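Residues in the sequence shown are numbered consecutively from 1154, following my numbering.
We treat Cβ as the ideally placed atom computed from N, Cα and C, and that holds for glycine.
As the structure is a prediction and not an experimental result, all values here were calculated from the model.
For reference, the structure is listed below as structure tokens.
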Amino acid sequence: MRRVGITFLAALAAVSVVSVSANPLPSTTQLTSSQPTGTKKCHVNPTPFVIPSLQEWDGGSGNWKLNANTRIVVDPSFANGGALDADSTFMRNPSNLKQYAASFQADISEVTGVNVEVVVSSTY
């Protein structure tokens, strides 16, 4: 169960990241404050505490809800492995993102009970 929770939280943090500035765990006062959480502009959503810490964060506003309409979308360019710089470097990415997405899907289902769909598509 520990692996599931860690994978789920790490992947959820990765999905949520737009840009982040590393901050310590915010206090209760910071969570309700209208002051910035360590970045240049004021945010509704403070920087989450994750390990390793996020390098940049733009919390923006709004809510994200996991439900039956939620999809995990895998870019077809990377669905079967490969990296952006695979042709120009020895650091090729051997991972298969379809397999990772399926594992993430199983983790989400086990932790939340919500079954999400995995699709390979260039349309998000």
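For residue i, count neighbouring Cβ atoms within 10 angstroms of its own Cβ and tell me buried if that reaches 16, exposed if not.
{"i": "Ala1254", "result": "buried"}
{"i": "Phe1202", "result": "exposed"}
{"i": "Trp1217", "result": "exposed"}
{"i": "Ile1261", "result": "buried"}
If you draw a straight line from the alpha carbon of residue i to that of residue j, how long is it in whole angstroms?
{"i": "Ser1274", "j": "Val1226", "result": "6 Å"}
{"i": "Tyr1277", "j": "Asp1228", "result": "9 Å"}
{"i": "Val1197", "j": "Gly1213", "result": "6 Å"}
{"i": "Phe1257", "j": "Thr1265", "result": "12 Å"}
{"i": "Thr1223", "j": "Asn1249", "result": "21 Å"}
{"i": "Val1267", "j": "Ala1221", "result": "6 Å"}
{"i": "Ala1259", "j": "Leu1219", "result": "14 Å"}
Classify residue i as helix, strand or coil using the three-state DSSP reduction.
{"i": "Ile1225", "result": "strand"}
{"i": "Val1272", "result": "strand"}
{"i": "Thr1265", "result": "helix"}
{"i": "Ser1206", "result": "coil"}
{"i": "Phe1257", "result": "helix"}
{"i": "Leu1219", "result": "coil"}
Could you say which of the options lies nearest to residue i if we only look at CA atoms?
{"i": "Asn1233", "options": "Leu1207, Lys1218, Val1272", "result": "Val1272"}
{"i": "Gln1208", "options": "Ser1214, Thr1200, Gly1215", "result": "Thr1200"}
{"i": "Phe1231", "options": "Ile1261, Asn1222, Lys1251", "result": "Lys1251"}
Please find out if some non-hydrogen atom of the ligand NAD comes closer than 7 Å to the beta-carbon of residue i.
{"i": "Gln1252", "result": "Although the ligand NAD was asked about, the structure shown includes no ligands whatsoever."}
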